[in-house]
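Peer 1: Take -18 as the starting number for the sequence shown in our numbering and just add one per residue.
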Amino acid sequence: MKLYTRFLVLLMTLAVCYSSALALEFENSVFDRELINVKYGLMNAADEFDEDESQKPSDNVTDDFVWETKGLQYTHKSPTKAFLLSLVVPGAGQYYYGSKTKTGVFLGVEVLSLFMYSKLDGDGKDMEQDFMNFHDTTWFPKNYQTYLENAHGVSIDTGIVGFSHHLADSGSQQYYEMTGKYDQFAWGWDDAILENLTLEDYGASVPPLDLADGTTIPVSDNRDTYQQMRADANSKLDQSKRMLYVTIFNHLASAFEAFIMTKRHNDQLRQAEHEFAYLRVRANLKSFYATFDTPVVKVSYHF
């Protein structure tokens, strides 16, 4: 149940972020639109325009003025805004500068990677629970204690020569890791056998052999099965982590692609501007006396 709840939260967060991004003002500001109107508004005069009739801008110059020629949309975009939008929601910056195809690609990768992360993480957690359940029914602390008492005369595995670990608290991560990994815990498995002898065949009069000798380690099919189950679960969890790395990379790739393409869009726009006649108006203040400022307007017509 926790898996589905986590995945639902991820989807809701993604939806909120994406909706917020789309709610941002994607068009030019009022000042930018008015500036475009001033720059291109007088270009409709036929006697001032020598290009082909099909290349002339529209006669209707409005607040939503968009002049398109050679496939280029004449509206300036902010590379920084595109970068930040895609950094939050992959594909939002591409939508901002006008590429719906790339929007779908980056957003699709985002949704797919989050879905795969949730699925793999859930499968890994289920497999983790499976190997712990298997462990609890095949490895027993009382068997391990019986081995310690018969072979070493103690009930606690501290201070025994050749032993590198102390049995961790039952149910802890170290408990499930060490009992399958280290040979000193081998007699704890219920099917442990050495030279056709089980733990029940040993006793105080015939103690189990010291595990310090590598040739005296009992074999256990359950131990082998457990180790494989644990390795499979860890592999699945590692795959889920890689999906998170894909998600992070997708955010960065989308952000930088949006930044670069928006700058390229603006560069193409500036280059295309010089292919047509246009009016440029510049206003500033010029001081002629110490206490007076004179407003100056400079008008130039480029062709």
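All residues carry an ideal CB built from backbone N, CA and C; glycine is no exception.
Provide the residue(s) that pair with Thr179 in DSSP beta bridges, ordered along the chain.
Peer 2: On the sequence shown, residue 179 is found 198 positions in, with the first residue counted as 1. Its beta-bridge partners are Ile174.
Peer 1: Assuming contact is defined by CB atoms lying nearer than 8 angstroms, are Gly74 and Gly85 in contact in what I supplied?
Peer 2: Working through the sequence shown from its first residue, we reach residue 74 at position 93. Working through the sequence shown from its first residue, we reach residue 85 at position 104. Contact: no.
Peer 1: Just list the residues that DSSP pairs Trp120 with in beta bridges.
Peer 2: Indexing the sequence shown from 1 puts residue 120 at position 139. Answer is Trp170.
Peer 1: In the DSSP assignment, find the alpha helix (DSSP H) that holds Leu66 and state where it starts and stops.
Peer 2: On the sequence shown, position 85 is the one that residue 66 refers to. Unbroken alpha helix (DSSP H) run through Leu66: Pro60 to Val69.
Peer 1: Less than 8 angstroms between the beta carbons of Thr118 and Trp170, yes or no?
Peer 2: As a working mapping, residue 118 is identified with position 137 in the sequence shown. As a working mapping, residue 170 is identified with position 189 in the sequence shown. It is not a contact, given that the beta carbons lie outside the stated cut-off.
Peer 1: Using three-state DSSP, classify Val200 as helix, strand or coil.
Peer 2: Locating residue 200 in the sequence shown gives position 219, where the first residue counts as 1. Strand.
Peer 1: In chain order, what residues of the same chain lie with their CB nearer than 7 angstroms to the CB of Met113, ignoring the 5 residues before and after it?
Peer 2: Within the sequence shown, numbered from 1, the residue matching residue 113 stands at position 132. Excluding residues within five positions, the ones whose Cβ falls inside 7 angstroms are Tyr157.
Peer 1: Considering Cα atoms alone, identify which of Lys279, Ser153, Asn124 and Ala236 is closest to Tyr77.
Peer 2: As a first step, residue 77 is located in the sequence shown; it is residue number 96 there, counting from the start. If we check each option's Cα against that of Tyr77, Ala236 comes out closest.
Peer 1: For Thr298, collect the residues of the same chain with a Cβ closer than 8 angstroms to its Cβ; drop the 5 residues on either side in sequence, then sort them by chain order.
Peer 2: Since the displayed the chain opens at -18 and closes at 284, residue 298 lies outside it and no answer follows.
Peer 1: Looking at Met210 and Asp102, is the spacing between their C-beta atoms short of 8 angstroms?
Peer 2: Residue mapping note: residue 102 aligns to position 121 of the sequence shown, counting from 1. Residue mapping note: residue 210 aligns to position 229 of the sequence shown, counting from 1. Not in contact: Asp102 and Met210 (Cβ atoms no closer than 8 angstroms).
Peer 1: Looking at C-alpha atoms only, which residue of Glu109, Glu91 and Trp168 is the closest neighbour of Asp219?
Peer 2: Within the sequence shown, the letter at position 238 stands for residue 219. Residue Glu109 is the option with its Cα nearest to Asp219.
Peer 1: Do His246 and Leu68 have their CB atoms nearer than 8 angstroms?
Peer 2: Locating residue 246 in the sequence shown gives position 265, counting from the first residue. Locating residue 68 in the sequence shown gives position 87, counting from the first residue. Cβ distance not < 8 angstroms, so His246 and Leu68 don't count as in contact.
Peer 1: Which same chain residues, not among the five before or five after Ser201, have their C-beta less than 7 angstroms away from its C-beta?
Peer 2: Looking up residue 201 in the sequence shown gives position 220. Ala167, Trp170, Asp172 and Ala173, listed in sequence order.
Peer 1: Indicate whether Asn124 and Leu180 have their beta-carbon atoms separated by less than 8 angstroms.
Peer 2: Locating residue 124 in the sequence shown gives position 143, counting from the first residue. Locating residue 180 in the sequence shown gives position 199, counting from the first residue. Their beta carbons are under 8 angstroms apart, which means Asn124 touches Leu180 by this criterion.
Peer 1: Specify the secondary structure class of Leu93 as computed by DSSP and reduced to three states.
Peer 2: Counting from one through the sequence shown, the residue named residue 93 turns up at place 112. Here Leu93 sits in helix by DSSP.
Peer 1: When every heavy atom of the ligand PLP is checked, does at least one fall within less than 7 angstroms of the C-beta of Ser235?
Peer 2: No copy of the ligand PLP appears in this structure; indeed no ligand is present at all.
Peer 1: Skipping 5 residues on each side, what residues in its chain have a beta carbon closer than 8 angstroms to that of Gly52?
Peer 2: Within the sequence shown, residue 52 is the residue found at index 71, counting from 1. For Gly52, the predicted model reports a pLDDT of 39, less than 50, meaning its position is unreliable; a value from the coordinates is still stated below. Excluding sequence neighbours, Gly52 sits near nothing in its chain.
Peer 1: Helix, strand or coil for Phe115 per DSSP?
Peer 2: Along the sequence shown, one-based indexing puts residue 115 at 134. Note: Phe115 maps to helix in three-state DSSP.
Peer 1: I need the DSSP call for Phe144, collapsed to helix, strand or coil.
Peer 2: In the sequence shown, residue 144 corresponds to position 163, counting from 1. Three-state DSSP puts Phe144 in coil, outside helix and strand.
Peer 1: Taking its Cβ as the centre, do 16 or more other Cβ atoms sit within 10 Å of Ile17, making it buried, or is it exposed?
Peer 2: As a position in the sequence shown, residue 17 is number 36, starting the count at 1. A caution first: Ile17 carries a pLDDT of 49, below 50, which makes its placement in the model too unreliable to give a value.
Peer 1: By alpha-carbon positions, which one of Gln155, Val70, Glu130 and Lys162 ends up nearest to Asn203?
Peer 2: Taking the first residue of the sequence shown as position 1, residue 203 is located at position 222. For the residues Gln155, Val70, Glu130 and Lys162, the minimum Cα distance to Asn203 belongs to Lys162.
Peer 1: Please state whether DSSP places Thr139 in a helix, a strand or coil.
Peer 2: As a first step, residue 139 must be located in the sequence shown, where it is residue number 158. Coil at Thr139, not helix or strand.
Peer 1: Roughly how many angstroms lie between the CA atoms of Asp248 and Met242, to the nearest whole one?
Peer 2: Mapped onto the sequence shown, residue 248 falls at position 267. Mapped onto the sequence shown, residue 242 falls at position 261. Each residue's Cα considered, the two are about 10 angstroms apart.
Peer 1: Considering only C-alpha positions, which residue in the set Tyr98, Gln126 and Thr56 is nearest to Lys217?
Peer 2: Within the sequence shown, residue 217 is the residue found at index 236, counting from 1. Considering only alpha carbons, the answer is Tyr98.
Peer 1: According to DSSP, is Asp150 helix, strand or coil?
Peer 2: As a first step, residue 150 is located in the sequence shown; it is residue number 169 there, counting from the start. Coil at Asp150, not helix or strand.
Peer 1: What's the gap between the Cα of Arg134 and the Cα of Phe230?
Peer 2: For the purposes of this step, residue 134 is taken as residue 153 along the sequence shown, with counting starting at 1. For the purposes of this step, residue 230 is taken as residue 249 along the sequence shown, with counting starting at 1. The sequence given here places Gly at residue 134; Arg does not occur at that position. About 57 angstroms.
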